[in-house]
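Sequence positions in the sequence shown follow mature numbering (1 follows the signal peptide of the UniProt record, and there is no 0) and run -18 to -1, 1 to 115.
For each residue, glycine too, the CB sits at the ideal point set by N, CA and C.
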Amino acid sequence: MKLTILAAAALLGGPACADTYADIKISAGKALFDAECRRCHAVDADHASYGPPLENVVGRAAGSYEGYDYSIALEASGIVWTPAALRAWMEDNAGFMPGTKMRHVGIDDRTVQDFILSYLTSITTLDNSAISE
């Protein structure tokens, strides 16, 4: 009987715990984004930035943010910003995309990458499939 009650409590607490964990990852990702990426990238077009804004970046075609002057290499790459592509970019953007004009120190820590990806996913509210084709 006690085991059944504990199992039921675990099931009831499961989604709430998952939501809490996701919220923590997003919050940590925002803090890491602010520390590592914000000096060049805003999250939306309402804020000035050197690089293109990263709101709605997950699933977006690389080099497709209207009005930003991308390198020829990135604009012609044909890649889509999937989580795997974003992870590779964070780790070594110049190695991932030779000819890019973006310069930064690589983010090698996969946990840091995971948190930043969680944050970028949380600020991606559009279905980007139409501009990724």
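query, result
"Element boundaries [alpha helix (DSSP H), containing Gly77]", "65 to 78"
"Cβ-based neighbour list, Thr103, same chain, cut-off 6 Å, excluding 5 preceding and 5 following", "Val40"
"Asp40 - containing alpha helix (DSSP H), residue span", "Note on residue identity: the sequence assigns Val, not Asp, to residue 40. Neither: Val40 is in no alpha helix (DSSP H) and is coded neither H nor E."
"Residues sharing a beta bridge with Val62, DSSP", "Ala43"
"N-terminal and C-terminal residue of the alpha helix (DSSP H) that Arg92 is part of", "92 to 104"
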